[in-house]
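Accompanying notes for the structure given below.
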Amino acid sequence: MWFSFWRSKDRFSLDQLRYLADQLTKVQIVNEVNKDFVIEALRSIAELVTYGDQHDPTFFEFFMEKQVVGDFVRILKLSRTISIPLQLLQTVSIMIQNLQSEHAIYYMFSNEHMNYLITYSFDFRNEELLSYYISFLRAIGGKLNKNTISLLVKTRNDEVVSFPLYVEAIRFAFHEESMIRAAVRAVTLNVYHVGDDSVNRYITSEPHTDYFSNLVSFFRKQCMDLNRLISETLKNPGPDSNSTVTTAVDEIEDNLYYFSDIISAGIPDVERLITDSILMLLIFPVLLPSLRTVADNHVDQDMQSGVVTSLYLLCCILRIVKIKDLANTIVAALYYPLESFTKCSGGQVNGYIPDHGFTSKSDGIDNDNLAENSAKCLVVNVPCSSSSSDCHPQSITILNNGSSSNVALREVLLEYVTGGADVQVLGSLSVLATLLQTKELDESMLDGLGILPQRKQQKKLLLQALVGEASGEEQLFSSESSLTRDGIACGLDVYLNKIKEQYGVSFQPSNVVSSPRVPRFQVLDALVSLFCRSNISAETLWDGGWLLRQLLPYSESEFNNHHLELLKISYENSASALEKEVRGFWPDLLITVLCDEWRKCKRAMESSSPPKEPKCMLFPPRMFFSEEDIPEGSSFTAGERMHELVKVFVLLHQLQIFTHGRALPDQPLIYHPCDHRTNSRAHTSGLAAVPKPGTEMNLELLSRGAKSAIFAF
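Numbering (the working numbering), first residue to last: 108 to 820.
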């Protein structure tokens with residue numbers, strides 16, 4: 108009988124399908140003798156049924172009439188060899204994937220045959236068999252809709268009581284093989300996006316809700332692994348360090364995009380489950396405590412992640428997982444002191460931040476050190492209302508000791524800006540920029556943090572005036588509004604109460620500033636202090652410049668004399684540092700680099716998004732702050748340092764123009780080489796024409812010309 112299978116026939120004919128089905132029916136045992144015939148029969152039937160579905164409906168009519176799927180199941184039961192389950196899963200998967208007729212899909216999913224195969228006890232110790240099984244589940248998931256999903260569930264009183272496809276798929280949700288995890292996610296997303304109410308109730312009932320908390324727990328473990336990897340990379344960087352971190356980051360973001368895809372299905376209970384799990388398993392016990400650090404570096408890395416890793420993860424969660432309650436709750440949590448969350452996580456936090464921040468002023472600071480020392484002392488000068496002619500500015504000094512756990516986390520972010528390392532500055536700026544761009548956040552929450560853009564403030568006050576909530580003139584032209592203050596307090600109180608009542612954070616939040624302008628001036632002071640720091644990379648400073656331009660796109664009115672003086676001193680120090688490059692390795696490229704970076708900086712400041720992505724904080728740049736940092740005789744390294752100095756100088760110069768209310772030109776105000784003065788210097792130096800070999804040049808005059816070009820900038 109077996110040899111008759113190989114006789115010459117028209118492969119794609121109904122007779123061939125009839126013959127194969129008849130031979131398969133006669134199989135009573137599957138062993139080493141006939142397994143090859145059975146495998147080839149299964150493969151050929153899949154080809155014929157798929158062909159008939161697209162060309163001749165009689166093929167599938169015969170397939171249904173003879174109940175060939177039932178024979179598939181019978182063959183599986185008879186099999187004693189691993190090759191038969193492999194081929195059977197592949198055969199069914201191919202058929203499901205390629206069948207286009209809805210009628211054909213309905214038949215395949217009916218009669219409980221698919222559920223039998225889904226729940227069959229395959230030997231998953233065989234990796235190839237597991238791969239075929241997962242592909243089989245994914246093929247079924249790809250055909251789900253409101254009509255077909257009812258064929259795969261069991262119901263009682265109109266409620267789903269069993270859904271083998273979903274239950275068996277999530278068993279492999281955390282498999283070590285990433286391809287298997289990806290396939291399982293595809294199946295679950297297909298289920299969620301069907302939109303069947305009874306199925307949605309099933310997946311959000313016990314014990315199936317555990318899947319969502321397990322997802323966040325798995326994600327939390329990946330975050331811990333990322334933190335350990337970054338710590339090891341900083342201690343012992345290797346040639347493959349960046350690629351290894353990049354791979355880990357990609358997996359982190361893939362997980363978050365999966366959360367986002369789940370939420371996009373619009374199942375309210377699922378959104379709530381994910382929100383609660385992220386807050387209770389990751390944000391409160393791990394990320395927020397890590398924003399304040401202890402002096403010793405004895406870290407329990409199973410429970411904590413580092414400052415930079417935490418800042419990066421906060422950015423990713425806010426940027427990718429679009430849940431309003433999640434975003435607003437995170438912002439409300441920033442009003443709590445560190446102690447609120449260190450108690451929650453066992454009291455141990457990760458890393459260490461130097462004791463720099465809003466501290467008392469130092470006496471006897473000269474001009475050269477004023478900018479540097481201003482980072483250690485910030486007085487928030489809040490201009491009084493323009494309607495009160497006899498009042499004086501409110502001087503609100505924020506005194507925060509870096510070792511205190513009572514400081515609010517929103518002030519910790521500003522401490523990183525004023526006194527943290529470069530990566531911490533970039534991380535804090537990235538969090539603030541991400542919050543500013545998070546559409547799910549209420550504007551009152553942004554206003555409370557001090558990062559609501561000026562144009563949105565004016566728009567909000569204008570709308571309030573138009574609807575008659577208060578006097579339009581009083582609202583729009585007053586520098587402070589009780590209605591604005593009440594709006595901030597009202598929106599914030601909702602989420603502060605939620606943190607206390609729903610998530611069990613028993614500590615009281617730090618005093619919410621009574622004046623809505625104080626947080627804004629804290630942010631503004633921190634940014635001005637940042638531009639005065641000499642140990643921060645140009646790229647990080649550009650991020651600070653972008654944030655400043657977002658907050659104050661049109662007006663310089665919120666800068667006070669102290670701000671302007673600090674920025675001026677910082678600019679002059681930068682110009683002096685750049686002047687030294689005239690006698691450096693690359694004086695001939697200085698003007699070209701200046702012009703090029705001017706255009707880049709202007710584009711970056713006017714862009715709708717920050718110059719650097721949050722993930723850049725995980726790859727700190729190499730910085731050269733002084734000549735001592737340059738290896739002796741290295742012209743390449745000297746060029747990098749010159750480029751860095753130019754970028755800082757260009758930013759500070761553009762800030763000078765901005766703070767004085769002038770429009771930023773597209774091109775820098777610099778003399779072109781063909782200008783008269785430049786030509787005069789060339790004549791004076793002996794370069795009236797193209798220099799010939801042996802021509803003597805007056806280098807002193809050339810250097811003096813380059814200097815004048817910098818200060819003509």
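We put the beta carbon where it would ideally sit given N, CA and C, even for glycine.
Computed from a prediction, not measured in an experiment: that's the story for all the values here.
Please classify Lys546: does DSSP put it in a helix, a strand, or coil? Three-state result, Lys546: coil.
Tell me the DSSP bridge mates of Val267? The partner list for Val267 (beta bridge, DSSP) reads Thr262.
Using DSSP's beta-bridge definition, name the partner residues of Ala515. BP columns for Ala515 point to Pro444.
What residues in its chain sit with their C-beta under 7 Å from that of Leu85, if we drop five residues either side in the sequence? Because the chain in this structure spans residues 108 to 820, residue 85 falls outside the shown range and cannot be described.
Rounded to a whole number of angstroms, what is the C-alpha to C-alpha distance between Ser677 and Leu725? Cα to Cα, Ser677 sits roughly 28 Å from Leu725.
Using only alpha-carbon positions, find the residue among Asp230, Ile201 and Asp361 that is nearest to Met286. Cα-wise, what sits closest to Met286 is Asp361.
Span separating the alpha-carbon of Thr353 from that of Ala711: The straight-line gap from Cα to Cα measures roughly 24 Å.
Please go through the stretch 612 to 700 and give each complete beta strand (DSSP E) segment of 3 or more residues, from N-terminal end onward. Within the stretch 612 to 700, there are no complete beta strand (DSSP E) runs of at least 3 residues.
With the cut-off set at 8 Å, would you say Thr340 and Ser350 are in Cβ contact? One thing to note: Thr340 has its Cβ no nearer than 8 Å to the Cβ of Ser350.
Considering only DSSP beta bridges, list what Val137 is partnered with. DSSP lists Ser186 as partners of Val137.
Taking the alpha helix (DSSP H) that Cys723 belongs to, which residues open and close that run? Per DSSP, Cys723 belongs to no alpha helix (DSSP H) and is neither H nor E.
Cβ neighbours of Gly691 in the same chain (closer than 7 Å, five flanking residues each side left out): So the qualifying residues of the chain are Ala745 and Met749.
Name the two residues that bound the continuous alpha helix (DSSP H) containing His220. For His220, the enclosing alpha helix (DSSP H) stretches over residues His220 to Thr226.
Going by beta-carbon coordinates alone, are Leu542 and Leu553 separated by less than 8 Å? Cβ atoms of Leu542 and Leu553: closer than 8 Å.
Contact set for Asp650: own chain, Cβ-Cβ below 8 Å, skip 5 residues either direction: Leu533, Leu536, Ser537, Ala540, Pro717, Pro718 and Lys719.
Does the stretch 226 to 245 come close enough to the stretch 258 to 265 to have 3 or more Cβ pairs within less than 8 Å? Verdict: no, contact absent.
Assess contact between the stretch 653 to 660 and the stretch 679 to 696, defined as three or more Cβ pairs (one per stretch) separated by less than 8 Å. Is contact present? Counting Cβ pairs under 8 Å, fewer than three are found: no touch.
Beta carbon of Phe326 nearer than 8 Å to that of Leu395: Their beta carbons are not under 8 Å apart, which means Phe326 does not touch Leu395 by this criterion.
Candidates Val199, Phe391 and Gly177: closest to Tyr610 by CA position: Measuring from the Cα of Tyr610, the nearest candidate turns out to be Phe391.
Helix, strand or coil at Ser496 according to DSSP, with G and I counted as helix: With a pLDDT of only 33 at Ser496, under 50, the local geometry of the prediction cannot be trusted, and no value is derived from it.
Need the endpoints of the alpha helix (DSSP H) that Phe216 sits in, please. Counted as a single uninterrupted DSSP element, the alpha helix (DSSP H) harbouring Phe216 occupies residues Glu209 to Phe216.
Report the residue from Arg335, Ser242 and Glu313 whose alpha carbon sits nearest the alpha carbon of Val356. The shortest Cα separation from Val356 among Arg335, Ser242 and Glu313 belongs to Arg335.
Could you tell me the distance, in whole angstroms, from the CA atom of Ser636 to the CA atom of Arg627? Cα-Cα distance, rounded: 14 Å.
Just to confirm, is the Cβ distance from Leu196 to Ile182 under 8 Å? No, these two residues do not count as a Cβ contact at 8 Å.
Consult DSSP for Phe119 and reduce its assignment to one of helix, strand or coil. Three-state result, Phe119: coil.
Proximity below 8 Å, CB of Thr416 to CB of Asp529: No Cβ-Cβ contact shorter than 8 Å links Thr416 with Asp529.
When DSSP labels each residue in this structure, what does Arg288 get in the three-state scheme? Collapsing the DSSP output to three states places Arg288 in a helix.
Proximity to Tyr223 [Cα-Cα], best of Leu244, Glu209 and Ser208: The shortest Cα separation from Tyr223 among Leu244, Glu209 and Ser208 belongs to Leu244.
Which of the three DSSP states, helix, strand or coil, is assigned to Asn321? Note: Asn321 maps to helix in three-state DSSP.
For the alpha helix (DSSP H) containing Tyr157, name the first residue and the last one. The sequence as given places Thr at residue 157; Tyr does not occur at that position. In the DSSP annotation of this structure, the continuous segment of the alpha helix (DSSP H) that includes Thr157 starts and ends at Lys142 to His162.
Select from Asn680, Ser551 and Ile337 the residue whose C-alpha is nearest the C-alpha of Cys723. Of the candidates Asn680, Ser551 and Ile337, the residue whose Cα lies closest to the Cα of Cys723 is Ile337.
DSSP three-state label for Gly534, please. Assigned with DSSP and collapsed to three states, Gly534 falls in helix.
Where does the unbroken alpha helix (DSSP H) through Phe743 begin, and where does it stop? For Phe743, the enclosing alpha helix (DSSP H) starts and ends at Ser742 to Thr766.
Quick one: any contact between the stretch 375 to 382 and the stretch 748 to 767, if contact means 3 or more CB pairs under 8 Å? The stretch 375 to 382 vs the stretch 748 to 767: no contact.
Using C-beta distances below 6 Å, list every residue in its chain close to Asp431, excluding the 5 sequence neighbours before and after it, in chain order. The amino acid occupying residue 431 in the given sequence is Lys; Asp does not appear at that position. Excluding sequence neighbours, Lys431 sits near Glu547.
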